[in-house]
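Here the structure is laid out as structure tokens; the discussion comes afterwards.
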Amino acid sequence: MNMMHYWRAMWGIIGRELWRFVTQRERFISALVRPLVWLFVFAAGFRAALGLAITPPYETYILYEVYITPGLIGMIQLFNGMQSSLSMVYDREMGSMRILMVCPLPRWFLLLSKLLAGTGVSILQVYVFLAIAWFYDIHAPWQGYLWVLPTLMLSGLMLGALGLLLSSFIKQLENFAGVMNFVIFPMFFMSTALYPLWKMKESSVLLSQMAQYNPFSQAVELIRFALYGQFNKYAFIYTLCAFMLFMTAAIIGYNPSKGMMVKKGGG
Amino acid sequence: MKPAIALSIENLSFSYSGKKALDQVSFKICAGECTLLLGPNGAGKSTLFSLITRLYDTHEGRIELCGFDIKQQTRQALAKLGVVFQQTTLDMDLTVMQNLRYHTALHGLGRKEAVQRIQKELERLNMFDRRFEKIRQLNGGHRRRVEIARALLHKPALLLLDEPTVGLDVPSRLAIVDYVHQLAVDEKLAVLWASHLIDEIYPNDHLIVLHKGQIKANGTVDDVLKITNTTMVKDAFYNLTQGGQA
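Line by line, the protein sequences give chains L and Y.
Quick note: the working numbering has the first sequence finishing at residue 275, numbered continuously throughout.
Quick note: the working numbering has the second sequence finishing at residue 865, numbered continuously throughout.
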């Protein structure tokens with residue numbers, strides 16, 4: 009097995025995922041509509057109810073729409089990560105996952121390639137969202153649009169790895185609805201995506217602590233700071249550790265000798 | 620000269636939560652040999668395939684593909700294997716070509732070589748003209764042909780087919796049965812074909828009858844008829860599986 013084999017396989021997996029995404033127009037549109045509704049409707053309505061103090065990385069008072077934008081970027085990646093895991097469960101039920109699993113490459117590499125492919129798709133969605141937000145007068149410094157790219161990579165990988173991990177546990181497609189209720193919604197609402205920590209602390213200390221340790225919060229903060237050209241070291245380390253933890257668990261989950269494959273009855 | 624052993628299975632056992640699905644299964648398949656794995660539903664055929672393809676882990680016994688242990692030398696072993704699963708595993712929204720290119724990428728083939736092999740395999744199956752059609756537009760028989768072409772692209776030594784003709788009309792079924800038998804002869808390919816359709820057996824085939832996780836018969840068609848004292852495979856199968864549905 010030479011490096012060229014790995015390279016070709018990785019691009020094969022990424023190319024397939026990107027092509028599928030581009031050709032599935034409904035998926036592309038729905039991935040954009042969700043955060044845009046939050047931005048145009050929810051944020052506009054919520055603006056009056058929530059007063060925001062000046063907190064880093066912001067140096068002046070900001071509109072709620074500006075505050076919520078990194079959270080919505082996180083939302084795009086969170087949903088995309090879950091969508092990828094849904095497609096893994098679907099692929100497994102339909103059998104096309106088997107083709108991937110019987111190819112002569114290490115399983116961790118195949119899963120990582122799949123993850124990179126999903127992250128690439130989510131980054132595409134994020135930049136289209138940011139472009140639309142720009143026309144809605146939500147502007148970050150132009151360098152921020154570049155700085156945010158590596159952080160999107162990491163946050164996308166972390167959320168994708170979580171999706172991958174969940175997919176190794178989900179037995180059937182029908183069980184996926186549970187993921188929506190027990191993972192996506194708590195993760196999104198119990199985070200700094202919609203309101204800052206200090207604001208949350210005013211109503212519940214416990215809730216703010218939970219939000220602080222929520223890896224999604226840290227991913228959102230990483231994006232928020234990067235968008236303004238700043239590096240949030242704590243959020244970076246936290247997100248990186250969460251990615252490594254989720255990825256390791258997902259690899260174990262997909263390992264035929266250790267994971268859930270046998271218990272589930274195959275891939 | 621004795622033909623090379625493509626698949627060797629020794630004392631293979633497997634259980635699902637305490638219930639034995641395979642019990643001390645042993646057999647060998649040589650290059651150029653077409654082996655039909657017969658067994659009623661629940662006989663353990665799918666479990667056996669999942670173990671050979673390493674979707675399940677081997678806890679008891681040993682599986683070797685062209686001398687490579689599936690557990691210790693997984694990647695070398697899997698490189699020798701071509702598989703057609705029972706369910707269609709093609710991406711419906713991609714074209715024939717895209718599906719096949721995906722497979723060649725997974726097996727590390729370069730663009731030029733991939734295109735040449737795809738053309739060769741598709742031409743052999745009269746599917747080359749349809750290479751830019753989406754899988755969704757093809758009928759069941761044609762989808763199966765694409766899957767067989769795909770399984771051969773990386774030049775495997777062993778071709779596994781898990782009831783590939785289920786749900787196909789008679790002409791499509793016969794064409795596939797004939798094609799695979801011819802492949803075994805022409806390409807010196809070892810074939811393991813799980814089936815419960817007696818008419819897919821050719822007189823020169825090897826038969827393995829699996830029932831309740833155990834091998835009840837293993838040999839040529841003549842051998843199996845002799846040990847069961849029957850003249851038709853249908854009757855032999857009936858005797859060996861105590862009336863199990865063929």
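The beta carbon of each residue, even a glycine, is placed where N, CA and C say it ideally should be.
- Pairwise C-beta distances place the region 709–729 of chain Y in contact with the region 751–762 of chain Y, as three or more of them are shorter than 8 Å.
- In summary, G661 (chain Y) is exposed, with fewer than 16 beta-carbon neighbours lying within 10 Å of its beta-carbon over all protein chains present.
- Judged by DSSP secondary structure, D797 (chain Y) falls within the alpha helix (DSSP H) whose first and last residues are 789–805.
- Within the same chain, no Cβ atom closer than 7 Å to the Cβ of K739 (chain Y) is found once the five residues on either side in sequence are excluded.
- At a beta-carbon threshold of 9 Å, none of the residues of chain Y lie near G126 (chain L); the nearest stands roughly 16 Å away.
- Between G79 (chain L) and G171 (chain L), the CB-CB gap reaches or exceeds 7 Å.
- According to the DSSP assignment, Q833 (chain Y) belongs to no alpha helix (DSSP H) but to the beta strand (DSSP E) extending over 833–839.
- For W46 (chain L), no beta strand (DSSP E) encloses it, and the DSSP letter there is neither H nor E.
- Taking the beta carbon of G727 (chain Y) as reference, the chain L residues within 7 Å of it are M12, H13, R16, A17, listed in sequence order.
- For E819 (chain Y), no pairing in a beta bridge is given by DSSP.
- Inside the region 729–798 of chain Y, DSSP marks whole alpha helix (DSSP H) runs of 4 or more residues at positions 730–743, 759–771, from first to last along the chain.
- Secondary structure at A201 (chain L): coil, using DSSP grouped into helix, strand and coil.
- Shown here, A623 (chain Y) sits in coil according to DSSP, grouped into three states, outside any helix or strand.
- CA-to-CA, the gap between I827 (chain Y) and Y14 (chain L) works out to about 37 Å.
- In this structure, I648 (chain Y) sits near L626 (chain Y), with a CB-CB distance shorter than 7 Å.
- A Cβ of chain L is located within less than 7 Å of the beta carbon of Y721 (chain Y).
- Taking 7 Å as the threshold, the shortest C-beta distance from A776 (chain Y) to chain L does not fall below it.
- Note on the region 204–270 of chain L: whole alpha helix (DSSP H) runs with a minimum of 4 residues are 205–211, 213–221, 223–235, 241–261, in chain order.
- F196 (chain L) is classed as buried because its beta carbon has at least 16 other beta carbons within 10 Å across all chains shown.
- Taking each of Y:A640, Y:V804, Y:S636, Y:H678 in turn and checking the Cα distance to I834 (chain Y), the smallest one comes out for Y:A640.
- Legend: CB atoms of the region 653–674 of chain Y lying less than 7 Å from CB atoms of chain L belong to residues S669, T672, R673, L674.
- At a Cβ-Cβ threshold of 7 Å, A770 (chain Y) and L778 (chain Y) count as neighbours.
- Between L165 (chain L) and A257 (chain L), the C-beta gap is not smaller than 7 Å, which leaves the two residues out of contact.
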